[in-house]
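Q: In this text, residue positions in the sequence shown follow the numbering used here: the first is 48, and each later residue adds one.
To start, I am sharing the structure in question, which I have written as structure tokens.
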Amino acid sequence: MDLIAQRLAAVRAGIAQAARRCGRNPEEITLVAATKTQTDDTIRQAIAAGITVCGENRVQEFTAHLAAGAYDGAQVHFIGQLQTNKVKFVVGRVELIHSVGSEKLLLAIQRQAEKLGVVQQILLEVNLAGEQSKAGLAPQQALPMARLAAQLANVRLRGLMCIPPPAAAPGKNLPYFTNLARLAVDIRKEIGDNGADTVYLSMGMSDDYQDAVCAGATHVRLGTALFGARPFPPIQEGSTDQ
Ligand SMILES: *Cc1c(COP(=O)(O)O)cnc(C)c1O
Numbered sequence: 048m049d050l051i052a053q054r055l056a057a058v059r060a061g062i063a064q065a066a067r068r069c070g071r072n073p074e075e076i077t078l079v080a081a082t083k084t085q086t087d088d089t090i091r092q093a094i095a096a097g098i099t100v101c102g103e104n105r106v107q108e109f110t111a112h113l114a115a116g117a118y119d120g121a122q123v124h125f126i127g128q129l130q131t132n133k134v135k136f137v138v139g140r141v142e143l144i145h146s147v148g149s150e151k152l153l154l155a156i157q158r159q160a161e162k163l164g165v166v167q168q169i170l171l172e173v174n175l176a177g178e179q180s181k182a183g184l185a186p187q188q189a190l191p192m193a194r195l196a197a198q199l200a201n202v203r204l205r206g207l208m209c210i211p212p213p214a215a216a217p218g219k220n221l222p223y224f225t226n227l228a229r230l231a232v233d234i235r236k237e238i239g240d241n242g243a244d245t246v247y248l249s250m251g252m253s254d255d256y257q258d259a260v261c262a263g264a265t266h267v268r269l270g271t272a273l274f275g276a277r278p279f280p281p282i283q284e285g286s287t288d289q
């Protein structure tokens with residue numbers, strides 16, 4: 048077994064353990080491999096090992112991997128900060144955009160999806176800790192934005208996503224995850240029929256995914272735990288390298 052396959056087995060065991068501990072079915076949880084900075088070959092290796100969803104952060108890397116066929120056999124999700132002028136490279140080419148954190152972006156996605164005649168699945172990103180450096184909606188903006196999204200014909204709102212600060216200690220991010228889950232329940236109630244679809248919770252990274260699973264994550268996004276430490280300095284979420 049290669050290293051990625053070994054790490055994948057460990058991560059799957061970690062997800063299953065957390066799920067069982069909290070009375071959940073591990074099969075409800077989708078593992079999204081956060082592939083930023085990885086090569087085409089590494090991505091192919093991860094898919095060969097059993098990864099079914101790749102999560103990309105940067106439009107440039109996404110476009111290059113797509114052109115190389117590196118994702119063949121897997122779905123792609125966009126999980127990074129997306130500028131409105133890059134929407135055309137992403138909409139209709141990924142299954143799910145996790146990181147919709149402004150009205151401007153939401154409307155740009157709608158416009159592009161309409162132009163292509165597709166329905167783009169999205170999550171709203173919520174900035175639960177109010178971090179200035181990070182994108183995302185303030186928690187009180189989430190419901191009005193969900194109402195707006197529910198009215199757009201070419202957007203299908205599937206749920207919420209968050210990126211809390213790195214956990215200071217094990218368990219420290221659990222309250223963020225619990226809050227995101229509650230917010231999703233409120234949104235489902237408020238937007239009625241259109242909300243029956245709004246069931247995804249994308250939360251949890253390498254250091255805190257077990258807490259996220261316990262709090263109800265349907266998607267965990269893992270990079271380091273699968274690929275090891277990234278070869279380049281960590282990407283600041285707010286950076287605009289594109
Ligand atoms: C890089 C990244 C991850 C994965 O982070 P790790 O700590 O390496 O698991 C998850 N989500 C987003 C949005 C990321 O940019």
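In this text, a Cβ means the ideal position worked out from N, Cα and C, and glycines have one as well.
Using a Cβ-Cβ distance under 8 Å, would I76 count as near chain C?
A: Looking at the structure shown, chain C is missing, and only one protein chain is on hand.
Q: Within 10 Å of its beta-carbon, does Q257 have 16 or more other beta-carbons around it, so buried, or fewer, so exposed?
A: Answer is buried; the Cβ neighbour count reaches 16.
Q: Note down the Cα distance separating A66 from A80, rounded to an integer number of angstroms.
A: Whole-angstrom Cα-Cα distance: 19 Å.
Q: How long is the line joining the alpha carbons of N340 and V123, rounded to whole angstroms?
A: This structure cannot speak to residue 340, because the chain is shown only from 48 to 289.
Q: Compare the Cα-Cα distances from R378 to each of G263, L269 and G275 and report the closest residue.
A: As shown, the chain starts at 48 and ends at 289. That puts residue 378 outside it, with no answer to give.
Q: Within 10 angstroms of the Cβ of A121, are there 16 or more other Cβ atoms? Answer buried if so, exposed if not.
A: Its Cβ being crowded by 16 or more others within 10 Å, A121 is buried.
Q: Anyone know if the C-beta pair for I144 and V267 falls short of 8 Å?
A: Against a cut-off of 8 Å, the Cβ pair of V267 and I144 comes out as no contact.
Q: Listed by chain order, which residues have C-beta atoms less than 5 Å from any heavy atom of ligand 1?
A: Residues with a Cβ closer than 5 Å to any heavy atom of ligand 1, in chain order: A81, N104, I126, M252, S253, R268, L269, G270 and T271.
Q: What are the boundary residues of the alpha helix (DSSP H) that includes T245?
A: It is not in any alpha helix (DSSP H) - T245 carries neither H nor E in the DSSP assignment.
Q: Taking only the alpha-carbon atoms, compute the straight-line gap between Q289 and E103 and give it to the nearest angstrom.
A: In this prediction, Q289 has a pLDDT of 39, which is less than 50 and means its spatial position is unreliable; nothing more can be read from the coordinates.
Q: Would D49 and Q92 qualify as a contact pair, given that the criterion is a beta-carbon distance under 8 Å?
A: Taking 8 Å as the Cβ cut-off, D49 and Q92 qualify as a contacting pair.
Q: Between E284 and the rest of its own chain, which residues show a CB-CB distance below 8 Å, the 5 nearest in sequence each way excluded?
A: Because the pLDDT of E284 is 48, which lies under 50, any placement of that residue in the model is unreliable, and the number read from its coordinates should be weighed accordingly. Closer than 8 Å at the Cβ level, and outside the excluded window around E284, lie G127, Q128, S180, K181, A182 and I210.
Q: Taking C-alpha atoms, which residue in L248, T89 and L230 lies nearest to A115?
A: Per the Cα distances, T89.
Q: Have a look at G270, T265, L273 and F274 and flag the residue whose alpha-carbon is nearest the alpha-carbon of R71.
A: The option with the nearest alpha carbon to R71 is T265.
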